[in-house]
Amino acid sequence: MDKRNQMENPFFDPDKPGSIFVGMDRYHQYSPHQPRNALTFIQKGDADSLFRKFLIDNIKEAECCPYIPDTELLRFDLANMRQVPPVDTHTPFEEYISKELLPYFQEHCIPPAKRISLRDAVYTYKYKNEPDGGILKKYLMQEPAYLEFRLQQQEKRTLYRCQPRYTFPLKVVENDFGYLIFSGNEIGRNGFRECIRYITDHYFDPHYDTGHLAVYDSTFMDKNLVPLIDAAYKPCKPMELDYSFDFYPASYIGLDELPKEFIDSLKPVCYHSMEATAGDFIKFATDWHFNKDTQVSISRENHDIYRLLTVMRNGYMNIHEQPFTYFNELLPYAKEFEKVTQVKSAGEFDTGKFKRLSTEIRKAADGILKRDFDVRGHRSLENMLNDSTVTFTVGSRKLNEVQKTALASGYALYLRENNKEATRHLLFCKADFEQGRIEGSSKPFGVRTYVIKDGLLCPLPEEKNTVKKTENKNRHNNNRLK
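When we follow this note's numbering, the leftmost residue of the sequence shown carries the number 647, and every step to the right adds one.
Following this line, the structure appears as structure tokens:
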């Protein structure tokens, strides 16, 4: 059905006085979804009240746009409407306004009784609860908040390439950090692509553990959602369109910030468990590599991690595989495998040697991974000790950063808080990097030992750091010793 047929009052009595309300975008980039917000004929009721409603209806519709369109809201009051061009329901209302109605007013020198910018109406309604701009424009121009509002609208207009409507569906990325919402406009498409690429590049990052990744589509729109759409975009300079995005955990939107109707509208597109395994990574990277909207690539670092994890999973490396950074380092193990597997009969296959080599190559790959990378789920004790976000508690003492640094440097600690019966076996502690654990003991380890004194880390006096006898040490494979 033509939009003109949906208008509340598309016809008028030419012999009676009336008012005509017009909403017109001078650049023809925007037209209201509701025809009555573009053209309304009034011959009954209070014209002032109805024009105020016309303004508010346009404001509410504009609040669901990425920026307030550059639209003029006009009111014409006529003693009679005999000469007004008749409405033809077969002519689109935008064409009727621009080619028939406004030329008629210009030809007969009929000025609008009121002329209000939609942006001004939005501002005055928001801050003064008065949509018809009762304050003169010259007074508005003296308000810093108004000037900032106008600047923001211009920036958004540039950002959205003069497209005052959101393109649907919205793309929604959800993980343990929260939600990111991207429009179907150019800025949103770029944001979604860069988001998936960023997550791919940081797949193994222990400080960017997304937990899982779900992607949804949504066609829901609400004015409360507008500030959250494409919010990952962070311009470096005003008016500079450089597609700079921020995907840090703090940039994600919490569930409690989103309308319930929006959550209910989400349609699943895909889901990834995001485990730090070779299989999960290659599936994730492959899926998004062949997706035309993202086309991700695997960095050299991630490729090396993936290959090392594959060796750790399989306990085997084929010497005919495509080489990678650590191929030559693992090649001796692979050659030994080749000898073991290239036998003439099953009876010649040495199962014991195969298992031993499998264990050795797994251990070698794990050692390289911990030595040269910091991979979530496969972190070395040294990397964890040097990470300010990881806490270590030994008995009754939560280690501070200085104590963690001492342990990472190979020194031991004397923890006076543990000098009681329940935790005396943790009076001394040091890092066992080979086993990836913190060792505890009631006796010194025979290495340089430090103690906290007056808030400072000081060497433990020699008389307290003398090994008197062998002590069975308690070892625990976690960050808290009890």
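Here a beta-carbon is modelled for each residue, glycine too, at the ideal position from N, C-alpha and C.
**Prompt:** For GLU709, which residues from the same chain have a beta carbon less than 8 Å from its beta carbon, with the 5 sequence-adjacent residues on both sides left out?
**Reply:** VAL768, LYS869, VAL872
**Asked** When you compare each of LEU955, PHE739, LYS772, ASP1020 to ILE705 by their alpha carbons, which one comes out closest?
**Response** LYS772
**Request:** Check each candidate in ALA992, ASN960, TYR862, SER890 and name the one with the smallest Cα separation from TYR917.
**Result:** TYR862
**Message:** Spatial neighbours of TYR972 within its chain, please: C-beta separation below 6 Å, excluding the five flanking residues on both sides.
**Reply:** ILE1014
**Request:** Give me the Cα-Cα distance between VAL989 and ILE965, rounded to the nearest whole angstrom.
**Result:** So the alpha carbons of these two residues sit roughly 16 Å apart.
**Three-way DSSP call (helix, strand, coil) for CYS711 in this model** = coil
**Prompt:** Per DSSP, MET670 is paired with what?
**Reply:** GLU718
**Message:** Using 8 Å as the cut-off, can you tell me whether the region 1052 to 1064 makes contact with the region 993 to 1004, which would need three or more C-beta pairs spanning the two stretches below that distance?
**Reply:** no
**Message:** Please state whether the Cβ-Cβ distance between LYS1076 and GLU1085 is less than 8 Å.
**Reply:** In this structure, LYS1076 places its C-beta atom within 8 Å of the C-beta atom of GLU1085.
**Request:** Give the range of the beta strand (DSSP E) segment to which LEU859 is assigned.
**Result:** 859 to 864
**Asked** Excluding sequence positions up to five away, which residues of its chain have a Cβ less than 6 Å from the Cβ of ASN1032?
**Response** Closer than 6 Å at the Cβ level, and outside the excluded window around ASN1032, lie ALA1054.
**Request:** Determine, using beta carbons only, whether ARG1062 and VAL1097 come nearer to each other than 8 Å.
**Result:** yes
**Message:** If you reduce the DSSP assignment to three classes, tell me which class HIS918 lands in.
**Reply:** strand
**Prompt:** So which of THR923, GLU967, PHE838, GLN799 has the shortest CA-CA distance to TYR713?
**Reply:** GLN799
**Request:** Please list, in chain order, all residues of the same chain as LYS649 whose beta carbon is under 8 Å from its beta carbon, the five residues on each side excluded.
**Result:** Any reading at LYS649 needs caution, since the residue's pLDDT is 44, under 50, leaving its predicted position unreliable; the model's value is listed next. Hits under 8 Å: PRO681, PRO738, PHE739.
**Asked** Is PRO790 helix, strand or coil when you go by DSSP?
**Response** Helix.
**Request:** Quick one: measure Cβ to Cβ for VAL819 and TYR825, integer angstroms, because I've assumed they're closer than 8 Å.
**Result:** 7 Å
**Request:** Quickly, what does DSSP pair ASN821 with across the bridge? List them, please.
**Result:** GLY824
**Item:** Closest residue to PHE891 among CYS841, SER945, ASP950, LYS662 (Cα-Cα distance)
**Value:** CYS841
**Prompt:** In chain order, what residues of the same chain lie with their CB nearer than 6 Å to the CB of LEU859, ignoring the 5 residues before and after it?
**Reply:** ASN821, HIS918, MET920
**Message:** Helix, strand or coil, according to DSSP, for LYS985 in the structure here?
**Reply:** helix
**Asked** Looking at C-alpha atoms only, which residue of LYS906, TYR849, VAL942, ILE833 is the closest neighbour of PRO881?
**Response** Comparing Cα positions, the closest option is ILE833.
**Request:** Report the three-state DSSP secondary structure of PRO978 (helix, strand or coil).
**Result:** helix
**Prompt:** Which of the three DSSP states, helix, strand or coil, is assigned to SER991?
**Reply:** coil
**Asked** Based on Cα-Cα distance, which residue from ASP671, SER744, LYS760, GLU741 lies nearest to THR717?
**Response** Closest in C-alpha terms to THR717, from the list ASP671, SER744, LYS760, GLU741, comes ASP671.
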